[in-house]
Amino acid sequence: MKYVVLIYGNPESRTAWEGMSDEQRAAGLAYYQQLNDDLDASGERIVSERLAFPELTKQVSVGDIGPMTTDGPFAEAKEFLAGFYLLDCESFERAVEIAGRIPEAAFGVVEVRPVMGLHGTEM
Amino acid sequence: MTEVEGLLRELAPQVLAALVRRYGGFDTCEDAVQEALLAASLQWPVEGVPEHPKGWLITTASRRRIEQWRSETARQRREEALASAPPPEPVPGVDDTLTLLLLCCHPSLTRPSQVALTLRAVGGLTTAEIARAFLVPEATIGQRISRAKRLLRGERFTLPEAERPSRLAAVLQVLYLIFTEGHTASSGGELNRVELTTEAIRLVRQLPPGGEVTGLLALMLLTEARRPARVDASGALVPLAAQDRSRWNAAFIAEGVSLITTALSTSPVGPYQLQAAIAAVHAEALTAADTDWAEILTLYDLLRVVAPGPMVTLNRVVAYAQVHGPEAGLAELASVDLESHHRVAAVRAHLLELSGDVEGAREAYLTAARRTLSLPEQAYLQSRASRLSRP
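Residue numbers (my numbering), protein chains in the order written: chain A, 3 to 125; chain C, 1389 to 1779.
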């Protein structure tokens, strides 16, 4: 079963990250590297990425004159998507267990969502 | 599948078993066999299949095994001793295949790893083929296989007799999982995707027959028989009651019915045999209306004792409602303790619809549609709901 783990940042977590020393930030990144290595070894990580800060977001909408982009949302947005994991693991419980290892989970802003599949059982 | 591919898949476990017996070290032997299979898949279609294909593969894999060993160690003397030893003799197939399956389904491995390793080491599939079949990247499957092989590195090839029954049960579970993965995949999937149902049936056929092994084979054949009818031309799911039974595979049904009839009369009953017996009752009904639901209900009553579980409880309610009417079915559904699984809502919706509660049925179909993780199921449940909302 595939699951997406969505990691959200918020102004507090962002301030905390920006206030860290280089060593602290390196330790944080090393922690993620270890998590990724573990999930690669168990064959459960399909892909994971860390996203740029929300300042670089472009919102796209299609109107009468074709696609248009606007910038934002900006940092004052309460919560923003900061990264994600796409996992293939045995159960929802296992996906939640993995999500629990993500440091941001301590701030209560990590979500696990099952991925819809093309498998259908007979009715 | 071409003739060469079929032959290679059939020989793969026998060659691997011969090597593991001769040299030990499951992981390096498996690597060597994969290389030999690859070499054969390139050479044989061009140069023709050798006179003794199994012997060719064993010799080639043995050479690869020695080359690997040579590159791993500098101990010259041992190398020469090993290199001068004759390659192993081919050995009988069935027992070795079972032993390999028991090893691939070792309890120290996770279920996804057991599945991946079984398909590669016993099924002779490539990592890429397994990855396509499960719709995950090749690297992910590759990681699972190499980790599984590392974990099995020190395992002996033989197994204590006392452990056999429980280990065989794990093998059957893995093969059934491979089958259901293939069976529930919607049609029109990726090109060149290996048919996991065919693969699972082929692997079960290699096990010593009898009891639950035969039950599982019958269950797979009887389920696979319905495959041509379970999805329509547009890819939408067709429920069992609405399937065009003339499209069911008559040969699979005949074999499945014959197997399960023999198994039930000659061995102690088990969950796969009971499920196969239920599938046989469906298969033998000429139309949905002819289905012997009383017989099916009796079989579910037995299954509930032998292998209780939420899906058995739910399917028994469906049979109960067919025998005693939708209102009695709804009362039965309310009396059993089931989680908020989408199939519970789907069954409730169906029974409400049959009992004439159109609005209740529509609500329940929509609830089920919101809870399923399957796009084809969602489409089916939504269309049931919207059909009921028409004036």
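Think of the CB as a built atom: it goes at the ideal place given N, C-alpha and C, for glycine as much as any other residue. Model, not experiment: these values are computed from the prediction.
* Pull up the DSSP beta-bridge partners for Thr71/A, would you. => Val62/A
* Asked: Taking the C-alpha atoms as reference points, what is the distance between Ala1504/C and Val62/A?
  -> 41 Å
* Starting from the C-beta of Glu1578/C, find all residues in its chain whose C-beta is less than 7 Å away, skip the five residues before and the five after it, and write them out in chain order. => Its pLDDT being 46, under 50, Glu1578/C is placed unreliably in this model, and the value from its coordinates should be taken loosely. The residues are Arg1520.
* Asked: Is it true that the CB of Pro1764/C sits closer than 8 Å to the CB of Leu88/A?
  -> no
* Asked: So does the region 1551–1560 of chain C actually touch the region 1525–1536 of chain C, counting three or more Cβ pairs closer than 8 Å?
  -> no
* Could you have a look at Val1562/C and say whether DSSP puts it in helix, strand or coil? => helix
* To do: Let me know the secondary structure DSSP gives Phe82/A once reduced to three states.
  => strand
* Spatially closest choice to Leu1726/C from Val1705/C, Leu1739/C, Asp1745/C, by CA coordinates -> Val1705/C
* To do: Return no unless some Cβ of chain A is closer than 8 Å to the Cβ of Arg1736/C.
  => no
* To do: Could you confirm whether any beta carbon from chain A is found closer than 8 Å to the beta carbon of Tyr1768/C?
  => yes
* **Residue from Pro1616/C, Arg1409/C, Leu1425/C whose Cα sits closest to the Cα of Phe1640/C** => Pro1616/C
* Counterpart residues of Gly11/A in DSSP-defined beta bridges -> Phe82/A
* How would you write the range of the alpha helix (DSSP H) that Glu113/A sits in, first residue to last? -> Element bounds for Glu113/A: not the alpha helix (DSSP H) but the beta strand (DSSP E), 112–116.
* In angstroms with no decimal places, state the Cα-to-Cα distance between Glu1423/C and Val98/A. => 38 Å
* Give the single residue among Leu53/A, Asp42/A, Phe82/A whose Cα lies nearest to the Cα of Glu14/A. => Phe82/A
* Checking contacts by CB at 8 Å: is Pro116/A closer than that to chain C? -> yes
* Do Leu1610/C and Ala1664/C have their C-beta atoms within less than 8 Å of each other? -> yes
* Sequence-distant residues of its chain with Cβ nearer than 6 Å to Leu37/A (five each side left out) -> Arg103
* **Pick from Leu1396/C, Arg1410/C, Leu1404/C, Thr1416/C that is closest to Leu1426/C, judged by C-alpha positions** => Leu1396/C
* To do: Throw me the rounded Cβ distance for the Phe94/A and Pro116/A pair, which I believe falls under 8 Å.
  => 7 Å
* For the alpha helix (DSSP H) containing Ile1641/C, list its first residue and its last residue. => 1638–1654
* Asked: What residues from chain A crowd round Leu1628/C, counting only those whose CB sits closer than 9 Å?
  -> Glu124, Met125
* **Alpha carbon of Gly1576/C to alpha carbon of Asp1620/C, nearest angstrom** => Note that Gly1576/C has pLDDT 49, beneath the 50 cutoff, so the model's placement of it is unreliable and no number is given.
* Grab me the residues of Pro1441/C's own chain with a C-beta within less than 7 Å of its C-beta, minus the 5 sequence neighbours each way, in chain order. => Leu1395, Leu1399
* Using three-state DSSP, classify Ile48/A as helix, strand or coil. => strand
* To do: Closer than 6 Å by C-beta to Arg1772/C: which residues in its own chain qualify, once you throw out the five before and the five after it? Chain order, please.
  => Tyr1753
* Which of the residues in the region 1738–1771 of chain C, read from start to end, lie with their CB under 9 Å from any CB of chain A? -> His1738, Thr1760, Leu1761, Ser1762, Leu1763, Pro1764, Glu1765, Gln1766, Ala1767, Tyr1768, Leu1769
* Three-state class that DSSP yields for Val1694/C in the structure shown -> helix
* Asked: Going along chain C, which residues have a C-beta under 7 Å from Glu92/A?
  -> Thr1498, Arg1499, Pro1500
* Compare the beta carbon distance of Ala101/A and Val112/A with 8 Å and say whether it is the shorter of the two. => yes
* **the region 40–61 of chain A: positions lying closer than 7 Å to chain B by Cβ** => As a matter of chain content, chain B is missing from the structure shown, whose protein chains are A and C.
* Asked: Under a CB-based cut-off of 8 Å, is Ala1775/C close to chain A?
  -> Sequence check: residue 1775/C is Arg here, not Ala. So, not an interface residue.
* Backbone CA spacing between Ala1734/C and Glu1391/C [nearest angstrom] -> 44 Å
* Neighbour-count burial assignment, Ala1756/C, 16 or more Cβ in a 10 Å radius -> buried
* Asked: Does the beta-carbon of Ala108/A have 16 or more other beta-carbons within 10 angstroms, so that it is buried, or is it exposed?
  -> exposed
* Whose C-beta lies closer than 7 Å to the C-beta of His1730/C among residues of the same chain, with five residues either side of it excluded? -> Ala1756, Arg1759, Thr1760
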